[in-house]
Structure formats: C-alpha cells, structure tokens
Amino acid sequence: MTAASPNHPVDFADLLAFYASAGVDEALEDAPVNRFAEAAPKPAERMPTATPRESSAPEQPPAAPPRLDGRAVPDAPAPRPPTSAVPDEAQAALARQLATAAASLDELRQHMAAFEGCNLKGTAKNLVFADGNPQAAVMLVGEAPGRDEDIEGLPFVGRSGRLLDRMLAAIGLDRGSVYIANVIPWRPPGNRTPTPHETEICRPFIERQIELVNPKVLINLGGPSAKTLLNTSEGILRLRGTWRVHTTASGVAIPAMPTLHPAYLLRTPAHKKLAWRDFLEVKAKLRALS
Ligand code: URA
0 MTAASPNHPV
10 DFADLLAFYA
20 SAGVDEALED
30 APVNRFAEAA
40 PKPAERMPTA
50 TPRESSAPEQ
60 PPAAPPRLDG
70 RAVPDAPAPR
80 PPTSAVPDEA
90 QAALARQLAT
100 AAASLDELRQ
110 HMAAFEGCNL
120 KGTAKNLVFA
130 DGNPQAAVML
140 VGEAPGRDED
150 IEGLPFVGRS
160 GRLLDRMLAA
170 IGLDRGSVYI
180 ANVIPWRPPG
190 NRTPTPHETE
200 ICRPFIERQI
210 ELVNPKVLIN
220 LGGPSAKTLL
230 NTSEGILRLR
240 GTWRVHTTAS
250 GVAIPAMPTL
260 HPAYLLRTPA
270 HKKLAWRDFL
280 EVKAKLRALS
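Mapping the sequence shown onto numbering that gives the first Met the number 0, position 159 (from 1) lands on 158, and the numbers just tick up by one.
Put into structure tokens, the structure is as follows:
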C-alpha cells in the first residue's frame, strides 16, 4: 500500500482493498475521525491551570452519532441508558436477571431488544434472535451473526446458512423442523471474534433460550458455541462427533452434538465428511428418542 503523505497521495483502491481484507466493511460515522489527534493533549490543556475542582453538575449526554442505516434520527433524542463501551460485571448480572425473568421466548426477545449492556448492540443493525420452529426437537446454536444475518435479522442466512440448510436436508430436516440461534445475538463489527467478556454478557440469554425451547437435541456449530455451552476448553476437532451434555439452569440435561461450523466447512471442504458423520449421529439419536 502506498504511504499517505503530502508527496504520496493515498491510492484509494489499495486502501479500500486493505480495509476489506482486514474485515472493515462498515462506516460508523459520515466523516473520518483522527483518533491520534484526539489522544494528543490540546495546547490549552498543556497550560498550567487553576487547581482542578470536582464538578457536581451531571454530565450532559453526548450528541447522538449520525445513523447510516436509513432510520431517522429524532430531533431531540429521548435520554436513554448509555450503551457501555466496555461490558462489565454489572451488565452481565443484569443480563442474567433479565434472562431468568423471561417466562417465554417472546419475553426473552423483548428483554434482549431492550438490553443496552452489550457494546455490540451499538454497531449492529438488528438483533438476530432466532429462526425456525420453537417447538422443534433439534436446536442449533452458532457463534454470532455475520453481515447478511445482521441485515436480515435472522441467523444463518448467508453462504454458511445455505450450506447448513443442505446439511439439514441431508438428514431430513429443514427450518420448519429445527430452531436456530447464536451465542451472540448482535453482529461483532467486521465479523471480529467476540471478546470473552461479550460472550459472558450474552451467555445468560442463549442459555435461557435453550431452556425455553427445551429441545431433545442440541447441535453446537463450531468451537465457540461448544465451549460456551458445554463448559469445556477443548478444541472443536477433539470435541466433535461425541455426545456431550448441556445442563440448563433448572437442571435439565440435553444431549449435545458439537460439530464443525459451516463457515469452516466452506473453507475446508475435506472436513465435510466429519460433519456428515456428526449429523448422522443426530439422526440416529432422534430416531432413538422418538
Ligand atoms: N455464523 C454464525 O455463527 N451464525 C450465523 O448466524 C451466521 C454465521
């Protein structure tokens, strides 16, 4: 990439290609912000000042950033609780409280839509709650929505979702006979990996969702789903293919089959045969349980 300097104007095509390969596919603000300039103290701040005093005046809420998703910005936005930039234990505790208080999937969705304690919500377009049949015997849980899922507000609707649909069809299932959700219901910006803290904040919601659906069989799509919900740190290539147990807060033990994530299978097609074996295990288990 060409260096940006007055003598070397940036080659914008190269710069865009660099951003795209780094996973940057979303503009958060209309105008660029130079964070380096922000970090440097302004000249006035370097001047010695009078003894600082603590202000008792409440801080004014910052002006709302411009929206780029087409939804209108109200002239005078109603004050609302700030979305925490760094999730903390208080937000995790609130998430647990809200999740436990939800008596139905509808209530859980409402509580999650109103929850402001996860920073990922601030950059996502939509809450991606679930797709499929809440009465299904099979529930699948992925990691987090990607770009297509964020736009549509539904899990697994992009390329990996289309592969997942074919995998389900191979064992006689479809979206009418399964229920699909994610550990994280808001798209991480640029599809980055959710932080452990973000996962901890969202964990009570997906755990309650599983408890409310109460499937006969759970399928964990990929390592993050398996690790979060099966209480293990083992890698997915070791975990996959053997039955584990997900235990709900009320003590119900649900058989769980960890398998490879469809996005991984798109990159590593040679491993599709392993996922195929896992799905055959699920088919056999459903037959045994019926
Ligand atoms: N990957 C996931 O883990 N979940 C989705 O919904 C889409 C892609």
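Glycine included, each C-beta is placed from N, C-alpha and C at the ideal position.
Would the beta-carbon of residue i fall within 8 Å of that of residue j?
{"i": "residue 245", "j": "residue 220", "result": "no"}
{"i": "residue 167", "j": "residue 156", "result": "no"}
{"i": "residue 337", "j": "residue 199", "result": "This structure does not reach residue 337, given that the chain is present from 0 up to 289, and the question cannot be answered."}
{"i": "residue 279", "j": "residue 209", "result": "no"}
{"i": "residue 93", "j": "residue 101", "result": "no"}
{"i": "residue 138", "j": "residue 214", "result": "yes"}
Could you pull the start and end residues of the alpha helix (DSSP H) that residue i belongs to?
{"i": "residue 286", "result": "271–288"}
{"i": "residue 231", "result": "First-last for residue 231: undefined, no H or E at that position."}
{"i": "residue 198", "result": "195–212"}
Going by the C-beta, is residue i closer than 7 Å to any heavy atom of the ligand URA?
{"i": "residue 127", "result": "yes"}
{"i": "residue 230", "result": "no"}
{"i": "residue 157", "result": "yes"}
{"i": "residue 260", "result": "yes"}
{"i": "residue 154", "result": "yes"}
{"i": "residue 143", "result": "yes"}
{"i": "residue 219", "result": "no"}
{"i": "residue 160", "result": "yes"}
{"i": "residue 151", "result": "no"}
{"i": "residue 199", "result": "no"}
{"i": "residue 213", "result": "no"}
{"i": "residue 148", "result": "yes"}
Along the chain, where does the beta strand (DSSP E) containing residue i start, and where does it finish?
{"i": "residue 237", "result": "Per DSSP, residue 237 belongs to no beta strand (DSSP E); it is in the alpha helix (DSSP H), 235–238."}
{"i": "residue 244", "result": "243–246"}
{"i": "residue 257", "result": "252–258"}
Less than 8 Å between CB atoms is the rule here; does residue i satisfy it with respect to chain D?
{"i": "residue 101", "result": "The structure shown has no chain D; it contains just one protein chain."}
4-residue-minimum alpha helix (DSSP H) runs that sit fully inside the segment 128–167, ordered along the chain: Runs of the alpha helix (DSSP H) inside the segment 128–167: 146–151.
Every unbroken alpha helix (DSSP H) inside the segment 85–120 [4 residues or more]: If we require 4 residues or more, the alpha helix (DSSP H) runs fully inside the segment 85–120 come out as 88–100 and 104–113.
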